[in-house]
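Residue 27 is where the sequence shown starts when you use my numbering, and the numbers rise one by one after that.
Okay, so here's the structure we're looking at.
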Amino acid sequence: MNTSEIPATTHPVTIRRAEQGDFPGIRSLLDQMPQWQTVAQSLPRSRGLVALDDHGRVVGWLAGHHLSYAWESVSGYDRPSDWRCSFVEWLLVDEDSRSVGIGAALMERFATESSEAGRDTIIVSPQAGDDDQALLKFYYQLGYRRTVSGHVHRGPHGQQEDTP
Numbered sequence: 027m028n029t030s031e032i033p034a035t036t037h038p039v040t041i042r043r044a045e046q047g048d049f050p051g052i053r054s055l056l057d058q059m060p061q062w063q064t065v066a067q068s069l070p071r072s073r074g075l076v077a078l079d080d081h082g083r084v085v086g087w088l089a090g091h092h093l094s095y096a097w098e099s100v101s102g103y104d105r106p107s108d109w110r111c112s113f114v115e116w117l118l119v120d121e122d123s124r125s126v127g128i129g130a131a132l133m134e135r136f137a138t139e140s141s142e143a144g145r146d147t148i149i150v151s152p153q154a155g156d157d158d159q160a161l162l163k164f165y166y167q168l169g170y171r172r173t174v175s176g177h178v179h180r181g182p183h184g185q186q187e188d189t190p
């Protein structure tokens, strides 16, 4: 099992590949987002990565993929013919566990996997509901830039300056 630990509050958080038994915990994260209740009914089949607290409770989830062709039509990217990207579909952190590095640790683990898969760019479509500015600040701190499409990305392709 490939796991990593990050410091978070006073207890370590373990990041690992999600397993079937993690789905109730993932669903509880989705339940914290009322605007996504219809989506939560059809929980994505992508297992992704989970962050577990020291009691084994799911406190974060990232689902993404490394299928470049799925995002060839996204505007705001200067793509060479051999463009290879990864895309984050979901990044959720438990309301009581935010702002302690869990989301950043999940993103960095995904970035490592993306690089290992031969991808050079990561694209995210941030949607926070009521606090979009805080979410954009989070991604900016991780080195992502916003494009005209509203997506944020990190890598050599796409706009070099943020779009307001």
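Built from N, CA and C at the ideal position, the CB exists for glycine as well.
These numbers come from a predicted model, not from an experiment.
- Look at P38 here: in three-state DSSP terms it is strand.
- Per DSSP, the continuous alpha helix (DSSP H) segment holding A130 begins and ends at 128-142.
- Taking every protein chain shown into account, the CB of H177 has 16 or more other CB atoms within 10 angstroms, so this residue is buried.
- Here the alpha carbons of E134 and P60 stand approximately 27 Å from one another.
- Taking 8 Å as the upper bound for CB-CB distance, R73 and R43 are in contact here, some 6 Å apart.
- The three-state reading of DSSP puts A44 in coil, since its state is none of H, G, I, E or B.
- Boundaries of the beta strand (DSSP E) harbouring R180: 178-180, taken from the DSSP string.
- DSSP lists F113 as the beta-bridge partner residues of H91.
- Under the three-state reduction of DSSP, L168 is assigned to coil, being neither helix nor strand.
- A check of alpha carbon separations from Y165 across D146, L117, G144, E139 identifies L117 as the nearest.
- Between G47 and G86, the C-beta spacing is not below 8 Å.
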